[in-house]
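I have placed the structure first, in the form of structure tokens, so that the comments after it can refer back to it.
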Amino acid sequence: MHSYKLKTKGNSYKRKYTREELMEMTTFQLRNICFEERIVKGVISNLDRESFIKTILKYRGKEESYLIEAYKEGGFEKLEEILKSHLVSKLPDSEVIKIPAKITLYPEIGIKKEDMYKVTIEKNIITESNVLLVSEGNDLCGILNLIKDDNEENLYYLVTEKNLKIKKSQNRNYSLLFFNKDDSEYIFSAYYSDLPLPPANLEYYKLPLLELEIKELKETNTVLAIDFGTSNTTAGLYLSGTYVANPCYNDILNDKIVLNDINYVRFMDVTQKNEVWIEALPTVVYVSDCEDPENIKFCFGYQAQKIIRRNDYSCSGSLYQGIKRWGNDYSKIEEVYDSKGNSVRVQRGQIIRAYIKHIVDTAEHQFKCKFKNLHISSPIKLKQQFIDMFKEILPEYNIETEDSLDEGIAVLYNTIAEQIQKNSFYNGEEYKALIIDCGGGTTDLSSCAFSIEEGPISYKINIETTYENGDTNFGGNNITYRIMQFMKIAFANYYKTGKIVEIDELIDFPEDDIFRYIDEAGVKKVYENLEKRYEEAENTIPTRFKEYENRSREEYENVRNNFYFLWEIAENMKKEFFKRTNVLRNKFGYFRSEEERDLIITPLNKWNVSILERDKFINVYEFPDVIFNIKEINKLLKGDIYEVVRKFLEDFYENGKLQEYSIIKLTGQSCRIDIFKEALKEFVPGKNIEFKQKKEELYKVSELKMSCLRGAIRYLNSRRRGDIEINIKNQIPIVPYSVSAFTYTKEEKLLIYSLEKVNQAQGFISRPLGAEEVEFYLKNAEEILKHKYSYKNDFSEYELVSEEDIRESYGEEIYQEDIDTIINGEIRFFVFAHEKSWGFYVVPIGREKDQLYLGKKKYFAFEDDLSELDFFDGLK
-4 MHSYKLKTKG
6 NSYKRKYTRE
16 ELMEMTTFQL
26 RNICFEERIV
36 KGVISNLDRE
46 SFIKTILKYR
56 GKEESYLIEA
66 YKEGGFEKLE
76 EILKSHLVSK
86 LPDSEVIKIP
96 AKITLYPEIG
106 IKKEDMYKVT
116 IEKNIITESN
126 VLLVSEGNDL
136 CGILNLIKDD
146 NEENLYYLVT
156 EKNLKIKKSQ
166 NRNYSLLFFN
176 KDDSEYIFSA
186 YYSDLPLPPA
196 NLEYYKLPLL
206 ELEIKELKET
216 NTVLAIDFGT
226 SNTTAGLYLS
236 GTYVANPCYN
246 DILNDKIVLN
256 DINYVRFMDV
266 TQKNEVWIEA
276 LPTVVYVSDC
286 EDPENIKFCF
296 GYQAQKIIRR
306 NDYSCSGSLY
316 QGIKRWGNDY
326 SKIEEVYDSK
336 GNSVRVQRGQ
346 IIRAYIKHIV
356 DTAEHQFKCK
366 FKNLHISSPI
376 KLKQQFIDMF
386 KEILPEYNIE
396 TEDSLDEGIA
406 VLYNTIAEQI
416 QKNSFYNGEE
426 YKALIIDCGG
436 GTTDLSSCAF
446 SIEEGPISYK
456 INIETTYENG
466 DTNFGGNNIT
476 YRIMQFMKIA
486 FANYYKTGKI
496 VEIDELIDFP
506 EDDIFRYIDE
516 AGVKKVYENL
526 EKRYEEAENT
536 IPTRFKEYEN
546 RSREEYENVR
556 NNFYFLWEIA
566 ENMKKEFFKR
576 TNVLRNKFGY
586 FRSEEERDLI
596 ITPLNKWNVS
606 ILERDKFINV
616 YEFPDVIFNI
626 KEINKLLKGD
636 IYEVVRKFLE
646 DFYENGKLQE
656 YSIIKLTGQS
666 CRIDIFKEAL
676 KEFVPGKNIE
686 FKQKKEELYK
696 VSELKMSCLR
706 GAIRYLNSRR
716 RGDIEINIKN
726 QIPIVPYSVS
736 AFTYTKEEKL
746 LIYSLEKVNQ
756 AQGFISRPLG
766 AEEVEFYLKN
776 AEEILKHKYS
786 YKNDFSEYEL
796 VSEEDIRESY
806 GEEIYQEDID
816 TIINGEIRFF
826 VFAHEKSWGF
836 YVVPIGREKD
846 QLYLGKKKYF
856 AFEDDLSELD
866 FFDGLK
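So for the sequence shown, our numbering puts the first residue at -4; every next one is plus one.
Here it is, written out as structure tokens:
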């Protein structure tokens, strides 16, 4: 049986702390560190906050860094003077220091560890320190740092920040100067000090470089493709041999880039004990410093997650997850704050821009070039809104517009490219495909018809696509949340009774009957008992931290920690079960174990859950002896996944249209769960379901997640080379909502009918000239109210217009007859949808003294956020 357990053995890993990170923590968190690290003095003594910090630094303190990393005006010139006067003793034994034969340096991006400029040092004569780049006469040309490898004893790397000065010398004989610890610290102090330092005799090792090349980043015409996701974001491009005039050969030798092939941007996962490079970055943003409103500093992805975990999920800076949801409302203002109490109001678009810029900056460092062209995939129903947003917030880049692909078409093109590569298509024959994309926050269904024809000079590809349906309340985060619910119930029961909860207690009918039961009674009935038990578990392990905002800080942080900690381990367990196909059982612990082949231990640095006993919080640090197995998780998730598949395909199945589709394409990283395929077979037995599931490396991004990015890259490259001539036609989508307003007699008037085609969705409601506000109501196909919108009206702001002006601007949306019949003293608020926008417009036209007046056009999105369900609102 597949299981997942929490391990209780001791931790051999000893973490070190700096004063800076300890200063950000509360007294409660500092006390917890003493407990976890077995610092007896901190556990048994009643210490104040400063005493806790001093005690932790004494036993687990990390040495302060004296590396020159931040630029200071005049610092470079000070070191130039010091080299002329204080550089006195060249040390022997320089042969024990091995340096790279050649260094290629790009001042705009600096050098990072991943550039692999290795230095080996025997006898430990040098540690982490500052290294100076000099020319023949010891003239200063640059400042570098020597940083240690985490795993290999004598291995170091040369790095330098992009903001530090690099001076090119006419003399090509460059050397590196290495210093011992004391002299390196003197150089650090001299660089940053505002006062002169006493003279010193600096001893140094001098090693000549065979070659140093200082180059400028060159601009490339190659398009960087970005798949901006709710949970994770990926990026990549096809690197031709001529993407820049002279690619960095060091990166080619180190396999960092591969010419004439697809390359993905890689990100370092700093949350792992050992360095791991991953081809996806979590879509997470943390505000680290907003003291200067013009230069807000953010942390992104894994770096943000590291800070969150380090502070037990109680960071006092703003944290944003799933910022893709803002695509429909990116101009909204957010008040952001940092750990020092600074706050500033910024547009959501500014936060999205900072995240995308980080992706581009990382790509520019990896591929050693400047990008000016970006292709950012968008949801099919919000393609135009996303393009408009990115063009506004990233004005310095050319955003692909006419030839851009939405996420569904990008996935489909990946399949088309595979067929062309394998020559597995019939020339000119039309294929029909359904694409189910289950992302982090939403799930979308689109249909496509496509054909591939071998033309005289290129492949001719015709694609017709239609957005069919979507669920803004189901995605990968729903799966994580459902697992978290089960975990919370299991742990609450374990701490309360010492007993293990079985899934059959929560879903009390056979797994094989779940599909039939949902067809008969609905999905809510399946989870009715589980939801009830989850509410009861709140009394033992509370996670609804928003409800604790009026309580003490310590109580609030306990509850917030519970939620984010349980969310993280639920996410970890989901990855273990559904990424590694040989995993049968799973548990948590300090480290991995190979004791049982079917049992995986997900390593955690610590266990920290706060439970309520008699209205008081008790912190638990020991790993509970709880095992979770794959059979339980499959039964847990089966109902949710079947419901979303049934919602999408039932009408297709009943009207016989499903038989027209030869390909069912599953995409999005959540679709790697076998239950999706099992649910599909209820509707499409024997169909060609494209669903790649194989054993993957632990830290490798799934094939299903990468298919959208890979499809976009292959499309861009084929178009560049002229291999294809492609014609994409987007069919008019159907609106799954209705829009209504009430007349003065309180009668509801439908303005847009549900299931109308977008270009046919139009209507109006009348008001007198003096009306100041009109309310519109959005309902789904089940007549459930989803949103209420308000149009603020001021007739004094209207402009005098002619009928010709109105016809020219709105001839296709507003009927002439409806304009002609407007009476004096009346305003008609015309409501219509547009095929390029997932929402509706309101355009008021009034008549006074037989003259027409036009009011302000306003857009209302059908869905304010891309995903309506926010799992991080503190109410889960």
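No residue lacks a Cβ here, since even glycine has one placed at the ideal position from N, Cα and C. For clarity, every value in this text was computed on a predicted model and none was experimentally measured.
Asked: Start-to-end residues for the beta strand (DSSP E) that takes in M263; Found: F262 to D264
Asked: Whole-Å CB distance - K427 paired with Y784, under 8 Å assumed; Found: No, K427 and Y784 are not in contact; Cβ-Cβ is about 37 Å, not under 8 Å.
Asked: The region 450 to 460 contacting the region 717 to 725, beta-carbon criterion three pairs below 8 Å; Found: yes
Asked: Distance between V826 and S226 (C-alpha atoms, nearest Å); Found: 35 Å
Asked: Distance, F867 Cα to G336 Cα; Found: 22 Å
Asked: Terminal residues of the alpha helix (DSSP H) in which R304 lies; Found: G296 to R305
Asked: Counted within 10 angstroms of its Cβ, other Cβ atoms place Y238 as buried (16 or more) or exposed; Found: buried
Asked: Candidates T99, E131, L369 and P193, of which the one nearest L232 by Cα; Found: L369
Asked: The region 358 to 373 in contact with the region 323 to 336 per 3-pair CB rule at 8 Å; Found: no
Asked: Rounded C-alpha distance that separates E843 from A756; Found: 28 Å
Asked: Other residues of its chain near A444: CB distance less than 6 Å, five sequence neighbours each side excluded; Found: E425, K427 and E459
Asked: Residues that S373 bridges to, as DSSP identifies them; Found: D401
Asked: Cβ contact check for the region 112 to 126 and the region 138 to 155: 3 or more pairs under 8 Å; Found: yes
Asked: Three-pair Cβ contact test at 8 Å for the region 124 to 137 versus the region 152 to 161; Found: yes
Asked: Bridge partner(s) assigned by DSSP for R167; Found: None; R167 has no bridge partner.
Asked: Closer than 8 Å to chain C by CB, F540; Found: Here there is only one protein chain, and chain C is not present.
Asked: Beta-carbon proximity list for F903, same chain, < 7 Å, skipping 5 on both sides; Found: The shown model of the chain, from -4 to 871, leaves out residue 903, and the question about it has no answer.
Asked: Burial state of D635, where buried means 16 or more other Cβ atoms lie within 10 Å; Found: buried
Asked: Beta-carbon gap between N603 and N175 smaller than 8 Å; Found: no
Asked: Backbone secondary structure at W882 - three-state DSSP; Found: No information on residue 882 is available, as it lies outside the stretch -4 to 871 that the chain covers here.
Asked: Given 8 Å, three or more beta-carbon pairs between the region 504 to 524 and the region 536 to 545; Found: no
Asked: Rounded Cβ spacing between F790 and A736 (contact assumed at less than 8 Å); Found: Between A736 and F790 the Cβ distance is about 18 Å, and since that is not below 8 Å, they are no contact.
Asked: Reduced DSSP category for G850 - H, G, I as helix; E, B as strand; rest coil; Found: coil
Asked: Cross-strand partners of S442 (DSSP beta bridge); Found: L429 and T461
Asked: G296, buried or exposed, once every other Cβ within 10 Å from all chains shown has been counted against 16; Found: buried
Asked: Every unbroken beta strand (DSSP E) inside the region 788 to 863 [3 residues or more]; Found: 794 to 796, 821 to 829, 832 to 843, 846 to 849 and 853 to 856
Asked: Same chain only: Cβ atoms within 6 Å of I161, ignoring 5 sequence neighbours per side; Found: P102 and G137
Asked: Euclidean distance between Cα positions of L172 and D144; Found: 20 Å
Asked: Pairwise C-alpha distance: P288 and E329; Found: 13 Å
Asked: Contact check, T897 vs P728, beta carbons under 8 Å; Found: It is not possible to answer for residue 897, since the shown part of the chain is limited to -4 through 871.
Asked: Same chain only: Cβ atoms within 6 Å of T662, ignoring 5 sequence neighbours per side; Found: V406, D432, L699 and S702
Asked: For N464, the nearest candidate out of I478, L429, M479 and I495 (CA to CA); Found: L429
Asked: Alpha-carbon to alpha-carbon, N422 and E448; Found: 5 Å
Asked: Exposure of R477, with buried meaning 16 or more beta-carbon neighbours within 10 Å; Found: buried
Asked: Residue range of the alpha helix (DSSP H) that includes D877; Found: With the chain covering -4 to 871 only, the question about residue 877 has no answer from this structure.
Asked: Own chain, CB closer than 7 Å to E550, minus 5 neighbours either side, in chain order; Found: Y543 and F612
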